[in-house]
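Number of protein chains: 2
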Amino acid sequence: MSNNIIWHHHPVDQSVRAKMKAQKPVVIWFTGLSASGKSTLAGALEQILTIQGYHTYLLDGDNVRHGLCGDLGFSDEDRQENIRRVGEVARLMADSGLIVMAAFISPFKADRRIVRNILPEGQFLEVFVDASLDICKSRDPKGLYKKAVQGEIKHFTGIDSPYEAPENPELTINTGKFNIHESVNMLLDFLHDHDVLKAGFEKVSETHKVI
Amino acid sequence: MSNNIIWHHHPVDQSVRAKMKAQKPVVIWFTGLSASGKSTLAGALEQILTIQGYHTYLLDGDNVRHGLCGDLGFSDEDRQENIRRVGEVARLMADSGLIVMAAFISPFKADRRIVRNILPEGQFLEVFVDASLDICKSRDPKGLYKKAVQGEIKHFTGIDSPYEAPENPELTINTGKFNIHESVNMLLDFLHDHDVLKAGFEKVSETHKVI
């Protein structure tokens, strides 16, 4: 009986969980300045992957800053601990077989390297969401840059806290140059190149309205 | 086109992720003394659920004590923070649509209540793995009770740190009375009663060898 064979010989591990989901687990790590488009891109990618039957999860400030990392602020040390914890959660979720998107400014190279190193080889894909500080400041959807420039917010990345751009990210997307549809399609091609998406995946067209 | 409809109106949330997996996400929280059988039961349950096509993840000391909670010790405060973080991860994993098993001594009622309260109504199922201190001491698979009695380990639950048994757990399993097969079958019936397992689920027999 096949059930008995599994029960005997296969403890449930990442490969079993991934096989059930018929997908390759990875962590797609979006890094970039505030307002560069990380969460928008990650959210749009999650939608299109879900539509196509992939099992995903999106980690971002919205679901960890008030919970898992609710005790942390924005000092260098707290940012470091924030990314460490998120990285560990991303690792556990990839271990559960999911395709995980993580969208965090994550300004420090060393912290991103730590996350890369706790994941199995090839399961950390760093996506640099590249938009110039001027562009991000002009977008400023939440008025945060304005407050930071006026000194009302301290430790703001790009203003009074550094952003260390990735040197060798797996992918760079310039959101000042490409629109959301083009950017999502670049991500889909990229995931196909990394054996995450199977042949025959669908791209998005301008008629898709991204939420 | 159905794809467009989803893209327009359905951001990816727990209900979408759960529907894709054709299951009801829950956190099955195993609490009890060291050596009471929490991890063994949770692991055996994960195996049988996986065989039957459910998407699961098992959180226990093995995958969080060296990573997410690697900075924490065993003082009351650190135990509290340990359970808080694990609870948040369990919440995120249930949000991703998974059936999550969490196996932690989690000796304090207040901490378990916090986890219950951060989960959506009905998604926290507390399982009290009940074995007397004498039985757990006699099992002592890792020699921890011996060390704790000799004072080589401090803050050991049941020896020099309290265990607060649940008053109204969703399920109690006395592992001094029932063997692993009986216990797993009790869990399967229990999950069926809570609409987690669909009709037609299979039970385990004595011929199943639990790893």
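The listed protein sequences correspond, in order, to chains A and B. Numbering-wise (this note's numbering), the first sequence opens with residue 218 and increments by one. Numbering-wise (this note's numbering), the second sequence opens with residue 218 and increments by one. All C-beta atoms in this analysis are idealised placements derived from N, C-alpha and C, irrespective of residue type, glycine included. None of these values were measured; they are calculated from a predicted model.
Suppose you measure from the CA of residue i to the CA of residue j; what does that come to, to the nearest Å?
i, j, result
"residue 400/B", "residue 398/A", "52 Å"
"residue 280/B", "residue 357/A", "39 Å"
"residue 297/A", "residue 325/A", "8 Å"
"residue 236/A", "residue 285/A", "29 Å"
"residue 385/A", "residue 323/A", "15 Å"
"residue 408/B", "residue 343/B", "12 Å"
"residue 410/B", "residue 418/B", "12 Å"
"residue 290/B", "residue 299/B", "9 Å"
"residue 336/B", "residue 328/B", "13 Å"
"residue 402/B", "residue 330/A", "44 Å"
"residue 388/A", "residue 404/A", "8 Å"
"residue 218/B", "residue 260/A", "A caution first: residue 218/B carries a pLDDT of 32, below 50, which makes its placement in the model unreliable, though a value can still be read off. About 21 Å."
"residue 315/A", "residue 367/B", "44 Å"
"residue 369/B", "residue 253/A", "53 Å"
"residue 371/A", "residue 361/A", "10 Å"
"residue 351/A", "residue 391/A", "13 Å"
"residue 320/A", "residue 276/A", "6 Å"
"residue 282/B", "residue 378/B", "19 Å"
"residue 242/A", "residue 287/B", "24 Å"
"residue 278/A", "residue 359/B", "40 Å"
"residue 365/B", "residue 304/A", "34 Å"
"residue 376/A", "residue 258/A", "23 Å"
"residue 270/A", "residue 412/A", "15 Å"
"residue 274/A", "residue 274/B", "14 Å"
"residue 223/A", "residue 363/B", "Confidence is the limiting factor: at residue 223/A the pLDDT is only 41, short of 50, which leaves the residue's position unreliable, though a coordinate-based value still follows. Using only the alpha carbons, I get a separation of about 36 Å."
Provide the residue span of the beta strand (DSSP E) that contains residue i, from first to last.
i, result
"residue 391/A", "388 to 391"
"residue 341/A", "341 to 347"
"residue 319/B", "316 to 320"
Tell me which residue opens and which closes the alpha helix (DSSP H) that residue i is part of.
i, result
"residue 365/A", "361 to 366"
"residue 399/A", "397 to 410"
"residue 351/A", "350 to 356"
"residue 327/A", "326 to 335"
On a CA-only basis, which of the options is nearest residue i? Give me that one, please.
i, options, result
"residue 255/B", "345/B, 268/B, 313/B", "345/B"
"residue 292/A", "374/A, 266/A, 321/A", "374/A"
"residue 341/B", "234/B, 247/B, 361/B", "247/B"
"residue 355/A", "251/A, 388/A, 270/A, 308/A", "251/A"
"residue 318/A", "393/A, 245/A, 294/A", "245/A"
"residue 415/A", "369/A, 264/A, 239/A", "239/A"
"residue 333/A", "349/A, 353/A, 306/A", "306/A"
"residue 423/B", "406/B, 396/B, 411/B", "396/B"
"residue 228/B", "371/A, 268/A, 310/A", "268/A"
"residue 338/B", "311/B, 234/B, 270/B", "311/B"
"residue 420/A", "288/A, 265/A, 382/A, 353/A", "265/A"
"residue 380/A", "349/A, 304/A, 270/A, 278/A", "349/A"
"residue 393/A", "353/A, 320/A, 378/A", "353/A"
"residue 249/A", "262/A, 382/A, 364/A", "382/A"
"residue 234/B", "278/B, 378/B, 313/B", "313/B"
"residue 230/B", "378/B, 359/B, 309/B", "309/B"
"residue 406/A", "262/A, 257/A, 376/A", "262/A"
Does the beta-carbon of residue i, which I'm using as the reference point, lie nearer than 7 Å to any heavy atom of the ligand NAD?
i, result
"residue 318/A", "The ligand NAD is not among the ligands present in this structure, which contains no ligands whatsoever."
Is it buried or exposed for residue i, if we count other Cβ within 10 angstroms and need 16 for buried?
i, result
"residue 347/A", "buried"
"residue 272/B", "buried"
"residue 232/B", "exposed"
"residue 294/A", "exposed"
"residue 301/A", "buried"
"residue 226/A", "Confidence at residue 226/A is low in this model, with a pLDDT of 45, below 50, so its placement is unreliable and no value can be given for it."
With 8 Å set as the bound, which would you pick, yes or no: does the beta-carbon of residue i sit closer than that to a beta-carbon of chain D?
i, result
"residue 290/B", "The chain labelled as chain D is not found among the protein chains of the depicted structure, namely A and B."
My parser needs the alpha helix (DSSP H) runs of 4 or more residues fully inside the stretch 224 to 299 of chain A; what are they? Runs of the alpha helix (DSSP H) lying entirely within the stretch 224 to 299 of chain A, each at least 4 residues long, are 231 to 237, 255 to 268, 278 to 281 in chain order.
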